[in-house]
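One structure is given here, and the rest of the page talks about it.
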Amino acid sequence: MKEFNNKPPVPGVKLIGYVDDLQAHLPPGLARNMQAISTVTNWIQERLSQKGIELSLPKSKVLFPEGLCMSSLTNDEQQQLTKIGLSVAEGGMPVVGIPVGTEEFQRNFVSKIARGDPAELILRLATLDDPQASYQLLRLSGVPRLFQLLRTIAPSITNSAAKIHDNMMMWAMSKIVLGKMADSMRIPTVKEVRADPTKSEEVDFFKGTARAQVHLPMREGGLGITSNVLIRESAFVAGQALVFSKSVQASTGYTVEQCLPRLAQLPTGLALIDSLKKLEEIITKDKLEKAVGQSWAKLATSDELTPALKGVYLLEAGKAGKPREDGNPDVEHQPPSTFSRNEFGQHYQVFGAQALLSKPLHAAVRHMVETDLQKVVGEETPKKRALIRLEEAKGKGVLSWLTTQGLSADERMLPDLYRESIGRVLGSHDRADCNTGKLCGAGALLPCKDRLSRAHSLVCTKTGASTFLHNRMVRVVLKTLRECHMPIAVEDSSPFTTGTGRGKGLYKMDLVIPPGLHAGEKEEDLCTKSILIDVTIVNPSAGRSIDKSILKPGSALEDRAASKANHYAGTFNPSRSTLLTAAFSTNGGLGKGTNRLIVAIANHLAHEAFCRENFDDERALVRLKAFHTNRIRRRFTFELARFLSMRTRDVFKRHGLLIDQLPPGPIGWDLCDNDSSEGNSFGSDEDEGKGKGRKEDDDDGAEKHGGVEESKGSLAANDLGINDPCYCHQWWSAVELVESPLPDGFGRVVREDGTLAYRYPKSLESPGKIGTHPLLQDYMDKGRKTKKNSGKKAVTREEADKRPKNFEMCFSNRDATHFSFSRIRCHVFQLNHELGFNRGPREARLRHVSISLEEDVLQGQ
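The numbering used here numbers the first residue of the sequence shown as 514 and each following residue consecutively.
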């Protein structure tokens, strides 16, 4: 190439190459000169053959200027071109993936890519069985398909394709979120969209603010499905800012002085100026200057410029300082916002011009979403909580769980639960979160104690859910801390001084880390002192807490941290220990202490890896810190999102439950325990600690630490919530497991996918008490008769109390999950009435039974 350009075989010809593609640009005067075309082709063939490379003539084409085509050539010219062996690209041809040619050719080319060509990418992604994999592939592969084209083609040409692509993204997201319910919601099928791509425009599942929120980045509280219509102007301006001056000279062959008056009249120049003026209406002048330089900002704000001066400014894209007025541009400038320096004085890549231009656009859309949500909030608590979720997600990594790839058990959700988790992000969708309050939906007559079964905790509206979530987050934090290879004390009371403070020995800390954590230079306290980690769950459900959280996002987390600091004040030696409150909000937010803990652990892991691998480049340490910070934040937020989505009423709607009869309390079940490699029992000493003497605070901040009676392990059957009038009509029958006949009205159903379900009669009214429930009463009565006729001695109360008390609920009878796999491991419960035990059926015992489901056969293990 250097030899060609230094001494071209034809005067004025430029040769440009990228990998194995070569483009020879002839001056306009030689467009129909067949001799020049032949000379250039022969020269390239000879030089390539000397290197052992053969020019592929069937793939080589001639692209004439607009207005000149094969039919306009004379017969002699056509014969000469055929003799050379080159074909004519009618209308245009793609060069390195970019269409070059007429506007019609470019528009058609971009539209095909927008619809998913080749291989119908978007259609295939939307129909995967795994919504988590489908969403990740759509976000990482489907969304950026047009980015390269948006940066190189004028927005007026890509406008229609951008709309097509956005509609396809909305259609695909609707299929992912709805799953099997998409057909009932009248979402066009894959077959319909394949036959008529315009069918994707008919999707109205995401409306108004929901559609806008889907397009927002995750840092703004969205799903990261970028709108091509929104960013097409900023993408084009940013792309051209990096290459405009060089590409114009390379493609035209003119010198700087020759092309100055022409630049503003070229299609690209006109499109650039038009896009800059549109951006100037939305983005402030300072931000525009920061992204593309003062020269291009001048083009956006001034209308009285000569063509030559416009050419000067166009060539000075990204140049800092005052724009030149003498008409002699300096084209040897650094592209805008390409590199910067870090704290070590070394260069590293930073956000470019497109990010600087797009960020204000997304901020404006987010403001619109907030304004629209505030208009419809009113006094409805669910919509208020939806607004809080949006506010707390801004720029704090709260939605980083959306980036999980699902490669390990800790990063996997069941399909329906993942769909609900995505839907819960959208503020305009009323997910009706099941909050905690003053009354327990699992049975108002029952005390909510520390050691709770899963069934109780997931339907409890008082403290059970917070306690259950607290234990799960403690386990996640503990698992992460173990990566640091440091001794960790669980439920430790040793840091607290006896005889000091209110507790006098009753205080226990969730996790205690000894000194020695490499938390970073700015965290001296965490390095030299032992760290007392108190995991707490914040649930702003009362009116005043919600209103305050709307006005000041994260205020509930800050108030809880202050309450904890005040609660433990004077109970430990601050010169030896430091308190770190890891607060998690039921709205998805993370407290400052939680983020501080994440960064501290990440710094420690990065420091260990840096020293172990003997890296000599400080940039490696920066990358390691960023990697571990993002990984740990994903782990924390993923576990939080997984639990919170289980307590939304919309989960049950997916399974055809009687939504109209749902009580105001929460409905839920445990779908998150697919990590069977670890202990699934939250009553175990490893997860909760022995004799844990504390309970999570309620919404009003009432302190209930210490002195709480330990759970006795027994669980009233009323905790199952079987007395609810909305008891689901698809469930796993405890009676069937013990081979008892089903009562009238109940039946076994085999679904289309081969899994089993048990039909619950809709006409069944609430029996009020579990003792009169027809299904369980039949089993209880049969059990009593069997025991009575057996002649064995009845079990006394004292003997029963001596039996193991660790009865753990791992799967609620409410489950109606559409199982996506042919074989899964699940947990159910068999009601085991202590025969001869003279108690009411409401105090029936529960025995843990593990079973496997394969096709339509239930086999007890």
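We treat Cβ as the ideally placed atom computed from N, Cα and C, and that holds for glycine.
Asked                                                                                                                              : Found
Residue closest to residue 1047, alpha-carbon to alpha-carbon, out of 1158, 745, 906, 1003                                         : 1003
Neighbourhood of residue 908 by C-beta distance below 6 Å, restricted to the same chain and skipping five residues each side       : 732
DSSP-derived helix/strand/coil call for residue 1085                                                                               : strand
For residue 612, the first and last residue of its enclosing beta strand (DSSP E)                                                  : 611-614
Bridge partner(s) assigned by DSSP for residue 661                                                                                 : Bridge partners of residue 661: none, in fact.
Identity of the residues DSSP links to residue 1094 by a beta bridge                                                               : 1047
Range covered by the beta strand (DSSP E) that runs through residue 605                                                            : 605-608
Buried versus exposed, by CB contacts within 10 Å (16 or more), residue 1142                                                       : buried
Span of the alpha helix (DSSP H), counted from its first residue to its last, around residue 1101                                  : Element bounds for residue 1101: n/a, residue is neither H nor E.
Straight-line Cα distance separating residue 1108 from residue 901                                                                 : 19 Å
Coarse secondary structure for residue 1434, derived from DSSP in three states                                                     : This structure gives no information on residue 1434, because the portion of the chain shown stretches from 514 to 1374.
Closer than 7 Å: residue 542 CB and nearest the ligand ADP heavy atom                                                              : The model on display carries no ligand, and the ligand ADP is accordingly not part of it.
Residue burial classification, residue 887 (beta-carbon count within 10 angstroms, cutoff 16)                                      : exposed
Inter-stretch contact at 8 Å, needing at least 3 Cβ pairs: the segment 743-758 / the segment 658-666                               : yes
Among 758, 781, 773, nearest to residue 820 - alpha-carbon criterion                                                               : 773
Under the three-state DSSP convention, the category residue 538 falls into                                                         : strand
Range of the contiguous beta strand (DSSP E) that encloses residue 1026                                                            : 1022-1026
For residue 696, the three-state DSSP class (helix, strand or coil)                                                                : coil
Three-state secondary structure assigned by DSSP to residue 1359                                                                   : Confidence in residue 1359 is poor, its pLDDT being 30 and thus under 50, which makes the residue's placement unreliable; the coordinate value appears in the next sentence. Correct three-state label for residue 1359: strand.
Rounded C-alpha distance that separates residue 608 from residue 797                                                               : 36 Å
Rounded straight-line distance, which links the Cα of residue 938 to that of residue 1069                                          : 19 Å
Which of helix, strand or coil DSSP assigns to residue 1196                                                                        : Summary for residue 1196: the model assigns pLDDT 26, below 50, so the residue's position carries little reliability, and this model does not support an answer.
Which listed residue (547, 753, 1102, 714) has its alpha carbon closest to that of residue 597                                     : 547
Contact the segment 581-591 vs the segment 551-570: 3+ CB pairs below 8 Å                                                          : no
CB-CB length for residue 647 against residue 689, believed under 8 Å                                                               : 5 Å
Simplified DSSP state of residue 677, which is helix, strand or coil                                                               : helix
Proximity below 8 Å, CB of residue 701 to CB of residue 684                                                                        : yes
Beta-carbon proximity check, residue 574 vs residue 602, cutoff 8 Å                                                                : yes
Buried versus exposed, by CB contacts within 10 Å (16 or more), residue 595                                                        : exposed
Straight-line Cα distance separating residue 622 from residue 613                                                                  : 10 Å
Rounded C-alpha distance that separates residue 806 from residue 776                                                               : 18 Å
Those runs of the beta strand (DSSP E) which lie wholly inside the segment 859-936 and span at least 3 residues                    : 860-862
Nonlocal neighbours in the same chain, by C-beta distance under 8 Å from residue 707, ignoring five residues either side           : 633, 636
Beta-carbon contacts of residue 1097 that lie in its chain and below 8 Å, excluding the five residues immediately before and after : 982, 986, 1048, 1049, 1050, 1051, 1103, 1104, 1107, 1149, 1153
Minimum C-alpha distance to residue 530 - residue among 540, 697, 514, 934                                                         : 514
Minimum C-alpha distance to residue 744 - residue among 979, 795, 715, 703                                                         : 795
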